[in-house]
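Chemist: The structure's right below; bear with me while I get my questions together.
In this note's numbering, the protein residues as written are 1 to 360.
Encoded structure:
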C-alpha cells in the first residue's frame with residue numbers, strides 16, 4: 001500500500017493531484033487556479049492597504065482610504081472648495097453652495113429700461129390766479145427740470161409771454177410742476193388772457209426713468225380766475241370831529257385786496273353845500289373835503305367802496321364826521337380807531353393832532 005500522505009507539501013507539485021487536499025495551503029498562490037476548490041475559504045481581505053497598488057482592482061473596496069496617493073494620479077486634481085469666495089464669479093456654477101456668502105455682491109450691468117412711452121416733454125396744463133390775486137399759478141403735466149433755475153427768482157419773460165404784454169413780472173418754481181408768476185403794479189394780465197410757454201426752455205426732469213430728452217414745444221393756456229373770490233377790505237382813516245375852518249381829510253390807502261396793483265376808490269358824501277364832486281379826488285385813495293364845502297348841518301357822512309383790477313367790489317364802509325361851529329383840534333389815529341392785532345403782537349397806537357384857525 002501507498003504511504004500515508006505527508007504532512008508537508010512537496011517541493012514540486014505532482015503532475016497528478018493527490019487524492020486528498022493538502023492540509024495547509026501553500027505559502028504562495030498558484031499561478032493558475034486549481035481545478036478543485038480549497039478545503040477552506042480564502043482569508044478575508046486585509047484592512048490595511050497594500051504597499052504597492054495592485055494592477056487588478058479588488059473585489060471589494062477597502063474599508064479606509066490609502067495613506068498615500070495612488071501611483072497614477074488622476075488627470076485633474078479634485079478641486080477643494082475654498083473658505084472664502086473667489087474675487088470673480090466662476091464661469092460654471094459650483095456643485096455645492098459656498099459655506100459663507102461673498103463679502104461684496106457680484107458686479108452686474110443694470111438692464112436698460114424698456115420705454116415704449118417717454119415722459120414729456122412738459123406742457124402747460126393750467127394757469128390760474130391765486131386766491132389773493134397777487135400772482136398766477138402755472139401747472140405742468142409732468143415734472144420739469146425747472147429750466148435750470150431751481151428755486152431762484154427770475155424774469156418771467158425769459159420763459160413765457162402774456163397776450164396782454166409782459167410788465168416786469170417775476171417768476172419762481174414752487175416745485176417741479178408748479179411755477180408762480182408774481183404780478184407787478186404795472187401788470188395788465190387778467191383772467192381770459194393767454195399765457196404762452198416759449199419753445200426749447202423746459203425739459204422733463206432727467207432723473208426720472210424714461211424721461212424724454214427733448215425740450216418742450218410752445219404751449220399755451222387761457223388764464224382762469226381764482227378758485228375763491230379775492231376778499232376786499234376797505235380801511236378808512238378820517239377824524240370823528242372837525243371844527244370850524246378845518247378841512248376833512250379821508251385816507252383809504254391802507255385798504256386790502258389789490259393783489260399788488262392799484263385799487264379804485266368810490267367815494268360818496270352827504271351833508272355838503274354842493275353835490276358837485278368834480279373838485280374832489282374822486283377815484284384816488286385820499287379825499288380832501290374843504291371846509292368851505294361843508295354845510296351848516298351838525299355832521300356829514302362819508303361812504304367808501306373799493307374795486308380791484310378784477311372788477312371785484314367791496315362792501316361799502318360808512319363813517320360819520322361831526323362838525324362844530326368853532327375851531328377844534330383834530331385828532332387822527334393812524335390805522336383807524338378800530339384795529340385788530342394778534343395776542344403775541346405788541347399794541348402800539350400812533351395819533352396825530354392839529355389845531356386850525358380861520359383865516360380873516
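Think of the CB as a built atom: it goes at the ideal place given N, C-alpha and C, for glycine as much as any other residue.
All values derive from a computational prediction rather than experimental measurement.
So, with DSSP's three-state summary, where would you put residue 277?
Modeler: As a first step, residue 277 is located in the chain shown; it is residue number 277 there, counting from the start. Caution is warranted here: a pLDDT of 49 is assigned to residue 277, below 50, making its placement in the model unreliable, and no coordinate value can be reported.
Chemist: Suppose the cutoff is 7 Å on Cβ atoms and the five residues either side in sequence are ignored; what does the same chain contact list for residue 325 look like?
Modeler: By 1-based counting over the chain shown, the position of residue 325 is 325. Excluding positions up to five away in sequence, the list reads 244.
Chemist: Less than 6 Å between C-beta atoms, sequence neighbours within five positions excluded: which residues of the same chain meet that for residue 309?
Modeler: The count along the chain shown starts at 1 and reaches residue 309 at position 309. Around residue 309: 261.
Chemist: Does the Cβ of residue 344 have 16 or more other Cβ atoms within 10 Å, making it buried, or fewer, making it exposed?
Modeler: Position 344 of the chain shown holds residue 344. Exposed.
Chemist: Suppose you measure from the CA of residue 148 to the CA of residue 240; what does that come to, to the nearest Å?
Modeler: Within the chain shown, numbered from 1, the residue matching residue 148 stands at position 148. Within the chain shown, numbered from 1, the residue matching residue 240 stands at position 240. If I take the Cα positions, the gap works out to 57 Å.
Chemist: Please check the pair residue 223 and residue 270, which I expect to be a contact at CB under 8 Å, by giving their CB distance rounded to whole angstroms.
Modeler: Here residue 223 is taken as the residue at index 223 of the chain shown, counted from 1. Here residue 270 is taken as the residue at index 270 of the chain shown, counted from 1. Actually they do not touch by this definition, with Cβ atoms about 40 Å apart.
Chemist: Compute the distance between the beta-carbons of residue 188 and residue 151, then report whether it is under 7 Å.
Modeler: In the chain shown, residue 188 corresponds to position 188, counting from 1. In the chain shown, residue 151 corresponds to position 151, counting from 1. No, they are not a contact pair.
Chemist: How close, in whole Å, do the beta carbons of residue 195 and residue 127 come, if the pair is a contact with beta carbons under 8 Å?
Modeler: Here residue 195 is taken as the residue at index 195 of the chain shown, counted from 1. Here residue 127 is taken as the residue at index 127 of the chain shown, counted from 1. 5 Å between Cβ atoms; contact.
Chemist: Give me the residue from 114, 289, 201, 138 with the minimum Cα distance to residue 183.
Modeler: Against the chain shown, residue 183 aligns to sequence position 183. Among 114, 289, 201, 138, the Cα nearest to that of residue 183 belongs to 138.
Chemist: Hey, out of 268, 234, 259, 258, whose CA is closest to residue 252's CA?
Modeler: Counted from its first residue, the chain shown places residue 252 at position 252. Answer by Cα proximity: 234.
Chemist: Does the distance from the CB of residue 131 to the CB of residue 226 come in under 7 Å?
Modeler: By one-based count along the chain shown, residue 131 stands at place 131. By one-based count along the chain shown, residue 226 stands at place 226. Cβ distance < 7 Å, so residue 131 and residue 226 count as in contact.
Chemist: Buried or exposed: where does residue 117 fall if 16 or more other Cβ atoms within 10 Å of its Cβ makes it buried?
Modeler: As a first step, residue 117 is located in the chain shown; it is residue number 117 there, counting from the start. Per the 10 Å Cβ criterion, exposed.
Chemist: Identify whether residue 149 lies in helix, strand or coil by the three-state DSSP scheme.
Modeler: Residue numbering aside, residue 149 sits at position 149 when the chain shown is read from its first letter. The answer is coil: DSSP assigns residue 149 none of H, G, I, E or B.
Chemist: Give the range of the beta strand (DSSP E) segment to which residue 303 is assigned.
Modeler: Stepping through the chain shown from its first residue, residue 303 is reached at position 303. Segment 299-307, the beta strand (DSSP E) holding residue 303.
Chemist: Using the rule of at least 16 other Cβ atoms within 10 Å of the residue's Cβ for burial, across every protein chain shown, is residue 293 buried or exposed?
Modeler: If you number the chain shown from 1, residue 293 lands on position 293. Residue 293 comes out buried.
Chemist: Quick one: what does DSSP say residue 175 is sitting in, helix, strand or coil?
Modeler: As a first step, residue 175 must be located in the chain shown, where it is residue number 175. Residue 175 falls in the strand class under three-state DSSP.
Chemist: Rounded to a whole number of angstroms, what is the C-alpha to C-alpha distance between residue 351 and residue 255?
Modeler: Position 351 of the chain shown, counted from the start, is the residue given in the question as residue 351. Position 255 of the chain shown, counted from the start, is the residue given in the question as residue 255. Cα to Cα, the separation comes out at about 19 Å.
Chemist: What did DSSP end up calling residue 323 once you bin it into helix, strand or coil?
Modeler: In the chain shown, the residue the question calls residue 323 occupies position 323. Secondary structure of residue 323 (DSSP, three-state): strand.
Chemist: Excluding the 5 residues preceding and the 5 following residue 115 in the sequence, name in chain order all residues of the same chain whose CB lies nearer than 7 Å to its CB.
Modeler: Walking along the chain shown from the start, residue 115 turns up at place 115. Cβ within range, chain order: 210.
Chemist: Pull up the CB-CB distance for residue 197 and residue 218, whole angstroms please, since I reckon it's below 8 Å.
Modeler: Within the chain shown, the letter at position 197 stands for residue 197. Within the chain shown, the letter at position 218 stands for residue 218. Sure, about 7 Å apart at Cβ, within 8 Å.
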